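Worksheet: the structure to be examined is printed underneath.
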């Protein structure tokens, strides 16, 4: 493991990278619209399918709820791809 | 970022932790059975809902297909919780 304390920057905020901590393993959530993926929520920690929709929570506890579904997870690329239900 | 090259161990295998690379951000997938979560696949990179089921792929490209659904993602905890469809 790295011995020194270090800082990583994500979304304009700084986080300490502590010895023994490999890193923040959140992902960014994108909404697929046609052939484009639009950023929906950054630094997502939790995703919970609930009756009211997909509840996404970022590492700061901020929540968004999407009526839709998960299309793809690609965790090494830090990507969650979502699709909104047709209205 | 850490300047030295380092090694992390996961699932009995070693990976280089390179300068500028924060770390492997895979997760372990668990199958919820009653009130227990059983390890289903380690070091999952990709999850793709497909007609034949949830296709899980680990960081080595090994695949498992589960007839079921995602119950919960908790990425900072490296956890994907799945539920198998009733038979």
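Chains as they are written, first to last, in this note's numbering: chain A, 708 to 794; chain B, 708 to 794.
We treat Cβ as the ideally placed atom computed from N, Cα and C, and that holds for glycine.
These numbers come from a predicted model, not from an experiment.
Check                                                                                                                              : Outcome
Outcome for residue 745 of chain A when other beta-carbon atoms lying within 10 angstroms are tallied against a minimum of 16      : exposed
Rounded straight-line distance, which links the Cα of residue 793 of chain A to that of residue 784 of chain B                     : 32 Å
Close-in-space but distant-in-sequence residues of the same chain around residue 760 of chain A (CB under 6 Å, 5 per side omitted) : 772, 773, 774
Beta-carbon spacing of residue 781 of chain B, residue 782 of chain A below 7 Å                                                    : no
Residue 770 of chain B versus residue 776 of chain A - alpha carbon distance                                                       : 22 Å
Span of the beta strand (DSSP E), counted from its first residue to its last, around residue 733 of chain A                        : Per DSSP, residue 733 of chain A belongs to no beta strand (DSSP E) and is neither H nor E.
Below-7 Å beta-carbon distance, residue 753 of chain B vs any chain A residue                                                      : yes
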